[in-house]
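One structure below.
Numbering (our numbering), first residue to last: 212 to 526.
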């Protein structure tokens, strides 16, 4: 079965690793995973590019062609370049060893040029050939040029809006596939709705604040998205609970919230009105953990600044 590699950003590494695994399992429940620092190897029938397009913190990805005991290549390794006109070589060193990376990349490029008709192109090549070094083992792989979808536009923002990368991670961690439907009952400027639609997922938004409701509507409109949005409080989700597959939201807090109820009371009622069968990804101020003692499949701490740490709860 094919193997894919994903080199992840070390920012929120635990979240990023779990996200890649969740996406792989979402498309192929028999997918197998190996983790070497910030390198994740996935053995699956799912193509690496499909996983990459959904993920938030992937720096580099591609298909593994073979494991290597050393820097040794032969003509058989370069079948992947058969129809390519241009290529570039890249060394990724995740080991504790020191390498002269430019020299290695040039040497590998010269070697490949002898076995293929492809020419070196540093910008936007057809194929990128990788050598990945780790302290455990080395990998030879490649990636083809893929068209990346642009990030949704936001004509209006808010200083406390949910980070779009964390939004995508939350959607991916609860395993909502294309064609599914999620709800954000505190949708604010519409980040969850925008990211969901960009991933091929239907979305329903709710916000009691008329201003936030109007901002979400405008942000959806400029992207041509059709998410439904309601100017109401979070209890409105009971009306269409059976139509959604999951809930993804960032609970308002402190001065960023105009809610009259205390956050802990909101959370208690929030969990009481949603079906236990629904998948949930919710972010909230970490101090609420002490009061609520919420149980979930997993919790992640997101440090924002010295006076604010958020918790992501996945149920």
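A virtual CB, placed ideally from N, CA and C, is assigned to each residue, including glycine.
Discussion item. Using CA atoms only, rank isn't needed, just tell me which of 435, 344, 347 and 508 is closest to residue 381.
Written reply: For the purposes of this step, residue 381 is identified with residue 170 of the chain shown, where counting begins at 1. With respect to the C-alpha of residue 381, the residue from 435, 344, 347 and 508 having the closest C-alpha is 508.
- The alpha helix (DSSP H) spanning residue 424 covers which residue range? For this step, residue 424 is matched to residue 213 along the chain shown. That run of the alpha helix (DSSP H) goes 421-434.
Can you tell me which residues form a DSSP beta bridge with residue 214?
Sequence index remark: in the chain shown, residue 214 carries index 3 (1-based). Partner(s): 254 and 275.
- Task: Use the C-beta contact count for residue 220: other C-beta atoms within 10 angstroms, 16 or more gives buried, fewer gives exposed.
- Result: Your numbering for residue 220 matches position 9 in the chain shown. Residue 220 is exposed by the Cβ-count criterion.
**Prompt:** Given a threshold of 16 other Cβ atoms within 10 Å of its Cβ, counted over all protein chains shown, does residue 438 qualify as buried or as exposed?
**Reply:** Position 227 of the chain shown, counting from 1, holds the residue named residue 438. Counting C-beta atoms within 10 angstroms of its own C-beta, residue 438 has 16 or more neighbours from the protein chains shown and is therefore classed as buried.
request  = Pick helix, strand or coil for residue 494, following the three-state DSSP scheme.
outcome  = Taking the chain shown and counting its residues from 1, the one referred to as residue 494 is at position 283. Strand at residue 494.
Close-in-space but distant-in-sequence residues of the same chain around residue 397 (CB under 8 Å, 5 per side omitted): Along the chain shown, read from residue 1 onward, the residue named residue 397 stands at position 186. For residue 397, where only same-chain residues beyond five positions count, the Cβ hits under 8 Å are 417, 418, 445, 460, 461, 462 and 463.
Could you tell me which uninterrupted alpha helix (DSSP H) segments, each at least 4 residues in length, are contained entirely in the region 301-368, listed from first to last along the chain? Runs of the alpha helix (DSSP H) inside the region 301-368: 312-326.
Problem set entry | Other residues of its chain near residue 295: CB distance less than 6 Å, five sequence neighbours each side excluded | Within the chain shown, the letter at position 84 stands for residue 295. Excluding positions up to five away in sequence, the list reads 329, 337 and 338.
**Request:** Go ahead and pull the three-state DSSP assignment for residue 414.
**Result:** Within the chain shown, numbered from 1, the residue matching residue 414 stands at position 203. DSSP places residue 414 in strand when its eight states are reduced to three.
Determine the DSSP secondary structure at residue 437, reduced to helix, strand or coil. Along the chain shown, read from residue 1 onward, the residue named residue 437 stands at position 226. Note: residue 437 maps to coil in three-state DSSP.
Could you tell me which residues DSSP puts in a beta bridge with residue 246? What you label residue 246 is simply residue 35 of the chain shown in a count that begins at 1. Paired residues: 251.
Are the beta-carbon atoms of residue 247 and residue 355 separated by less than 7 Å? Translated into the one-based positions of the chain shown, residue 247 becomes position 36. Translated into the one-based positions of the chain shown, residue 355 becomes position 144. It is not a contact, given that the beta carbons lie outside the stated cut-off.
Next on the checklist: Only counting the same chain, and skipping five residues up and downstream in sequence, which positions put a Cβ closer than 7 Å to that of residue 478?
Outcome noted: For the purposes of this step, residue 478 is taken as the residue at position 267 of the chain shown. So the qualifying residues of the chain are 462, 495, 499 and 503.
*Give the secondary structure of residue 521 by DSSP, where H, G and I count as helix, E and B as strand, and everything else as coil.*
Here residue 521 refers to the residue found at position 310 of the chain shown. Strand at residue 521.
| query | Measuring CA to CA, which of 217, 238, 222 and 514 is closest to residue 383? | reply | What you label residue 383 is simply residue 172 of the chain shown in a count that begins at 1. For residue 383, the closest alpha carbon among the candidates 217, 238, 222 and 514 is that of 238.
Roughly how many angstroms lie between the CA atoms of residue 454 and residue 392, to the nearest whole one? Taking the first residue of the chain shown as 1, we reach residue 454 at position 243. Taking the first residue of the chain shown as 1, we reach residue 392 at position 181. Whole-angstrom Cα-Cα distance: 7 Å.
Reducing DSSP to helix, strand and coil, say where residue 392 ends up. Against the chain shown, residue 392 aligns to sequence position 181. Strand, per DSSP.
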